[in-house]
Ligand code: ADP
Ligand code: ZN
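Numbering (our numbering), first residue to last: 67 to 269.
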């Protein structure tokens, strides 16, 4: 959390950014430090993300992992929340429904520290799921950047590739189990072809 933020009640902190920007690493770091402070921590993550270790872990791209409760909806967080937990962390929050804003707010109002990590823009570079609302209601927001794989500048976009080619604008936001892949890129290197770009029109 940002230095200088103090409160006696609960609060919401968001860790936003593109894939590979270190959100999971930062979430794990905060959870480890809360555990050292003898806080009880419960970690949730969206079911949709099952990279590497399977559904029960939060795993960063450097392969460190943490035990997590998989959920498909924000309602399941409320059902499964441990009433004795001081800190509630939610990873991959962009995949959850809009109810996650009310869930995070309710937990913070009950005095909990709520840590939310998520990708704030989709492959088109547009706001992703409830992340914009979560960033608005949070006490603190950290927006992390990756490194553009093409030019080495700070990357703020998720480049989706389908069969190695930039995915068109109208491909679905979430393609579970599809043969697509992602790269971190900067704004200038990010490519989202539009259907009628071939006709030379600028949309
Ligand atoms: P996120 O949760 O934001 O997807 P992770 O915490 O899982 O990110 O992974 C961050 C790690 O990914 C970095 O510390 C680095 O080791 C690795 N990495 C791989 N590709 C890149 C990249 N293009 N830019 C930055 N880090 C990268
Ligand atoms: Zn670039």
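Note that beta-carbon positions come from the ideal geometry of N, C-alpha and C, so glycine has one too.
Requested in this report: Kindly indicate which residue of 200, 150 and 245 has the alpha-carbon position closest to the one of residue 78.
Outcome: Out of 200, 150 and 245, 200 has the C-alpha closest to the C-alpha of residue 78.
Query raised in the report: Thinking C-beta only, is residue 178 closer than 8 Å to residue 154?
Result: Contact: yes.
Requested in this report: Return the first residue and the last residue of the alpha helix (DSSP H) that residue 98 is part of.
Outcome: 89-102
Query raised in the report: I think residue 216 touches residue 246, with their Cβ atoms under 8 Å apart; what is that distance to the nearest whole Å?
Result: That belief does not hold up - the Cβ atoms of residue 216 and residue 246 are roughly 18 Å apart, past 8 Å.
Query raised in the report: How would you label residue 140, buried or exposed, when you count the other beta carbons within 10 angstroms and need 16 or more for buried?
Result: buried
Query - Where residue 7 falls: helix, strand or coil (DSSP) - result: This structure cannot speak to residue 7, because the chain is shown only from 67 to 269.
Report task. Pull up the CB-CB distance for residue 110 and residue 137, whole angstroms please, since I reckon it's below 8 Å. Result -> 5 Å
Report task. Enumerate, from N- to C-terminal direction, the unbroken beta strand (DSSP E) stretches of 3 or more residues contained entirely within the segment 162-213. Result -> As far as the segment 162-213 is concerned, its whole beta strand (DSSP E) runs of at least 3 residues are 179-184 and 206-210.
Query raised in the report: Which residues in the same chain as residue 106 place their Cβ atom closer than 6 Å to its Cβ, once the five residues preceding and following it in sequence are excluded?
Result: 150, 151 and 152
**Report entry** Heavy atom of the ligand ADP within 7 Å of residue 213 beta-carbon
**Finding:** yes
Query raised in the report: Is the closest heavy atom of the ligand ZN to the C-beta of residue 7 under 7 Å?
Result: Nothing about residue 7 can be read from this structure; the chain reaches only from 67 to 269.
Requested in this report: Could you tell me whether the segment 160-172 touches the segment 181-192, where touching means 3 or more Cβ pairs closer than 8 Å?
Outcome: yes
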